[in-house]
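Let me begin by presenting the structure, written as structure tokens, before commenting on it.
Residue numbers (this note's numbering): 214 to 519.
Here you go:
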């Protein structure tokens, strides 16, 4: 490659891969689908390789496409780090922080961490992205997020746990539920007798529920599958159903008596933790360093390797 690859062509390619289709990429980039296709074809011609494989209406990267994806992320990550370092040298308390977080921890994280941080760094733009646990890990690993906060993060050698905090998972029922008066810990088999409201595959909540069911050899077939904590609570409150959440996700409903939290005897659910994640080897900007300090001082997470 003797010429510099154009940002527009690379952006069209990467967006198509990440969004899963040419049309979705066009919508995100505010371009015509034909323009996105043309840019990708020109990039393929310039590099002399095929970058995308089409399956049905979707697109997937070829092995060559995987290499170019990594190049795109490395290139834009280096440029972002350059701007951050220049800001640091200039003594500027500004920049952008991208935080991928699971919905159930958002309110508490905003109150205990982001609000005090933002008061001290008003010129730092905080971009909050709500994602499942698997997506939080992926975004941190690929530098799409500076920091991740989620429950029961899957292991990834590219990511390290910066801090963690115990958040046992409870079975959640309405006050009218037959189990609502139980005070001793119950087994998953007790809960599985009732309609279950579970988070989707890929979420930390679902991963914990599936692991817990595997340990107890219990079938956990959901009646409802919902990718929203708010919807999990609403469906559970309106039905004779059971869902599984940490108390932090429904403190207001518990305080008001709208929902009850029942203890489980399952060791997997009892040992659940929320985690703060960063990419292994990441260079901290002054803004990210300051955010990590606020996390440590908040005592919301244990200090771990902070």
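Backbone N, C-alpha and C define an ideal beta-carbon position, used for all residues, glycine too. As the structure is a prediction and not an experimental result, all values here were calculated from the model.
Expected contact under 8 Å - CB spacing of residue i and residue j to nearest Å
i           : j           : result
residue 397 : residue 473 : Actually they do not touch by this definition, with Cβ atoms about 14 Å apart.
residue 429 : residue 400 : 6 Å
residue 338 : residue 309 : 5 Å
residue 158 : residue 374 : This structure gives no information on residue 158, because the portion of the chain shown stretches from 214 to 519.
residue 269 : residue 233 : Rounded, the Cβ-Cβ distance is 10 Å, inconsistent with contact.
Residue range of the unbroken alpha helix (DSSP H) whose run includes residue i
i           : result
residue 469 : 464-469
residue 342 : Per DSSP, residue 342 belongs to no alpha helix (DSSP H); it is in the beta strand (DSSP E), 337-343.
residue 357 : Where residue 357 is concerned, there is no enclosing alpha helix (DSSP H), given that its DSSP letter is neither H nor E.
residue 236 : 235-242
residue 332 : 328-333
residue 402 : 401-404
residue 472 : Element bounds for residue 472: n/a, residue is neither H nor E.
Simplified DSSP assignment, three categories, for residue i
i           : result
residue 477 : strand
residue 488 : strand
residue 499 : helix
residue 395 : coil
residue 228 : helix
residue 410 : strand
residue 366 : coil
residue 505 : helix
residue 372 : strand
residue 432 : coil
residue 305 : At residue 305, the pLDDT of 46 sits below 50, so the modelled position is not reliable; the number obtained from the coordinates is stated separately. Coil, per DSSP.
Same chain, Cβ closer than 7 Å to residue i, neighbours up to 5 away in sequence not counted
i           : result
residue 257 : 263, 264
residue 388 : 470, 473
Cβ neighbours of residue i in the same chain (closer than 8 Å, five flanking residues each side left out)
i           : result
residue 326 : 504, 507, 508, 511, 513
residue 314 : 322, 341, 342, 343, 344, 349, 361, 362, 363
residue 478 : 398, 399, 400
Bridge partner(s) assigned by DSSP for residue i
i           : result
residue 272 : 267
residue 382 : 459
residue 296 : Partner(s): none; residue 296 has no beta bridge.
residue 438 : 411
Limits of the unbroken beta strand (DSSP E) element including residue i
i           : result
residue 253 : Looking at the DSSP string, residue 253 is not in any beta strand (DSSP E); the run it does join, the alpha helix (DSSP H), is 246-260.
residue 415 : That residue, residue 415, is in no beta strand (DSSP E); it is neither H nor E in DSSP.
residue 314 : 308-314
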